[in-house]
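Read the structure below first, then the notes.
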Amino acid sequence: MNKKEIAEILEEMAVLLELKDENPFKIRAFQNGARAVEGIEEDIEKLSEQKKLTEIPGIGNHLATLITELIQIGFSKDHQQLKKSFPEGVLKMLSIQGLGPKKVKVLYQKLKLKTVEELEEACKQHKLLKVEGFGEKTEINILKGIEYLKKSKDSHLFPEALDEAHAYMDYLSKSSHTQRISIAGSLRRHKETIRDIDLLISSSNPKEVIKTFVSYPLVNRILAEGETKSAVILKSRINVDLRVVTDTEYPFALHYFTGSKEHNTHLRSIAKDKGLKLNEYGLFKGKKSLPCKTEEDLFKTLGLSYIEPELREDVGEIDAAQKNKLPKKLVEFKDIRGAFHNHTTYSDGAATLEQMVHKAQSMGFEFIGISDHSKAAYYANGLKPDRVKKQWKEIDVLNSKLKNFKILKGTEVDILPDGTLDFEDELLAQFDFVIASVHSKFNMTEKDMTKRITTALKNKYVTMVGHPTGHLFFMREGYPVNLHTLVDVAKDYGKSVELNANPHRFDVDWRMCKYAKSKSVPISINPDAHKTEGIEDIQYGVGIARKGWLEPKDVLTTWPLKDIMKFLKSYR
DNA sequence: GCCGTTTTCGGCCCGACTGTTTTCAGTCG
């Protein structure tokens with residue numbers, strides 16, 4: 182059992198303990214334990230063997246035994262026991278906004294509600310009004326929460342889908358019948374969340390390929406198994422569609438199945454204008470298909486420059502391709518030289534300052550910005566000025582030892598409801614950079630929230646706004662804010678805008694990247710890392726940036742360090 | 001349940017908001 186799975190079990194146990202009304206500090210110990218496990222840098226199985234688990238802060242004797250049990254026999258008796266106390270659907274109710282363990286417990290015990298569906302029905306019939314502590318508003322909010330849950334039900338975070346797709350492709354590539362293979366669909370276009378995985382294979386023996394496809398060990402259910410088309414659901418609950426075509430058809434099919442639908446429709450009309458017909462099997466002049474070996478050939482034949490998959494959303498890319506006005510070279514991961522917005526154990530990160538630095542160095546970076554939370558972020562162990570200064574000292578010492586690498590002193594300072602910041606200007610002035618973020622009082626009108634955030638951005642020491650909308654995929658909607666106004670203010674005050682690369686966030690999204698680019702506002706692709714691996718999320722942020730038409734020059738974190746330092750001084 | 005150079009017992013991060021209530025419990029971050 183790996184770190185992630187162990188952490189998930191500890192997390193679930195914490196939830197179950199909450200439902201059982203256990204000692205809150207015991208619950209927190211499980212939550213801390215889960216986070217500690219996730220943050221472990223070494224091999225957890227080895228640590229368990231060597232009985233060194235208790236050396237990790239947050240893991241004591243009991244949790245160490247439990248983790249060892251999980252590693253050795255794959256389950257824990259304590260966990261199984263706890264799980265028996267509540268039906269599974271009751272746990273699901275907890276993912277509804279505004280419903281916590283206390284209320285869920287009451288609903289389960291008083292109204293005998295066991296699933297989200299039963300809860301929804303009960304709300305509609307106003308059965309909750311009978312229960313003390315529940316009112317009309319609560320019912321409405323629960324229904325809203327259920328609606329939101331349903332909307333995001335069948336979607337998956339980008340990296341989860343990508344990992345599944347790569348593993349499946351590795352497996353399929355081994356078949357001698359597979360000629361060319363590719364990811365298609367929204368995953369190839371790097372949409373922010375993924376509903377299903379589309380795979381395309383060229384082969385002269387489609388039957389065999391399909392047979393191999395449905396025999397994949399991680400398949401949970403086969404939905405369709407035809408001559409050239411198959412669909413399955415994986416154990417991870419992701420749907421995967423496969424199409425098998427001939428190698429001649431492959432480039433056309435790849436384009437077709439990559440989409441988007443709107444892009445395809447538009448491109449077909451371009452073909453039609455030229456007296457051609459385009460579909461997934463070819464580009465036809467009369468009955469004769471024009472030869473194309475690759476997608477590049479296809480675009481060329483239509484008189485267009487090559488359109489990268491990320492751009493195919495029919496938001497002007499076809500027009501630009503006709504006029505040869507597409508970005509010359511979209512940003513790539515290898516262009517990235519460093520990252521702002523990283524947390525350490527000083528606040529709510531799992532890795533120490535030094536571990537984060539080493540990770541950044543191992544990724545070939547030239548700098549890393551450290552931005553732990555400010556004091557208002559109690560829940561995240563936010564820093565008071567004295568601890569900020571302690572961290573600065575540690576950074577100074579490390580910097581003096583480092584060659585060709587620099588740690589930048591930063592903070593993720595809370596934006597208070599009135600738009601002022603959680604640190605005094607006098608302190609802010611001493612940071613190399615300042616990220617200002619909203620972490621509280623989300624419930625404001627768009628006008629007030631926009632005022633609040635732009636006021637913060639206008640502060641002469643603030644470099645950028647962190648995760649500007651605050652949304653979390655599948656968990657909560659963002660607070661209302663006018664992003665165009667925000668970008669305009671960034672433009673006027675010479676600031677940057679964050680593209681938070683955490684796959685739960687992708688905030689701002691690619692649409693706003695495009696707008697920022699049009700205003701020459703540099704985008705910072707930031708990992709918002711809370712552990713060393715978190716820094717790797719930058720690669721997904723790069724995908725979103727590409728989708729937003731960004732080239733290296735548009736991305737602050739690709740600039741040479743001396744230019745970045747110049748930028749950080751320019752707006753003060 | 002975890003932790004510890006004031007402590008092996010007794011703390012453990014807490015303020016704001018919401019919706020329900022008339023003084024507060026539950027939820028969230």
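Residue numbers for the first sequence follow the numbering used here, so the first one is 182 and each next one is one higher.
All C-beta atoms in this analysis are idealised placements derived from N, C-alpha and C, irrespective of residue type, glycine included.
Keep in mind the model is a prediction, meaning the values are calculated, not measured.
Proximity of residue i and residue j at Cβ, strictly below 8 Å
i	j	result
residue 383	residue 426	yes
residue 532	residue 526	yes
residue 608	residue 575	no
residue 387	residue 409	yes
residue 555	residue 599	no
residue 234	residue 211	no
residue 342	residue 381	no
residue 370	residue 450	no
residue 395	residue 349	no
residue 727	residue 512	yes
residue 633	residue 596	yes
residue 552	residue 593	yes
residue 514	residue 548	no
residue 700	residue 672	yes
residue 489	residue 463	no
residue 279	residue 326	yes
Collapsed DSSP secondary structure at residue i in the structure displayed
i	result
residue 512	coil
residue 712	coil
residue 207	helix
residue 480	helix
residue 461	coil
residue 689	coil
residue 270	helix
residue 235	helix
residue 190	helix
residue 553	strand
residue 618	strand
residue 522	coil
residue 443	helix
residue 391	helix
Environment of residue i [buried if 16+ CB atoms lie within 10 Å]
i	result
residue 255	exposed
residue 712	buried
residue 683	buried
residue 434	buried
residue 439	buried
residue 424	buried
residue 446	exposed
residue 493	buried
residue 744	exposed
residue 650	buried
residue 577	exposed
residue 523	buried
residue 560	exposed
residue 436	buried
residue 372	buried
residue 706	buried
residue 550	buried
residue 351	exposed
residue 301	buried
residue 411	buried
Expected contact under 8 Å - CB spacing of residue i and residue j to nearest Å
i	j	result
residue 675	residue 698	In fact, because the Cβ distance is near 16 Å, the residues do not count as touching under 8 Å.
residue 457	residue 466	6 Å
residue 715	residue 679	Contact flag wrong, Cβ pair sits at about 15 Å.
residue 218	residue 252	Their Cβ separation, rounded to whole angstroms, is 11 Å, which puts residue 218 and residue 252 out of contact at 8 Å.
residue 194	residue 263	6 Å
(message) Whether or not the region 203-212 and the region 286-301 are in contact is what I'm after, with contact meaning three or more pairs of Cβ atoms, one per stretch, closer than 8 Å; do they touch?
(response) Counting Cβ pairs under 8 Å, fewer than three are found: no touch.
(request) Examine the Cβ distances between the region 609-617 and the region 627-644 and report whether three or more of them are shorter than 8 Å. (result) Yes: at least three Cβ pairs fall under 8 Å.
(message) Count Cβ pairs between the region 349-368 and the region 304-313 that sit closer than 8 Å; are there 3 or more?
(response) Below 8 Å, too few C-beta pairs join the region 349-368 and the region 304-313 to call them touching: fewer than three.
(message) Three or more C-beta pairs under 8 Å: does that hold for the region 294-307 against the region 265-281?
(response) Enough Cβ pairs lie closer than 8 Å, so yes.
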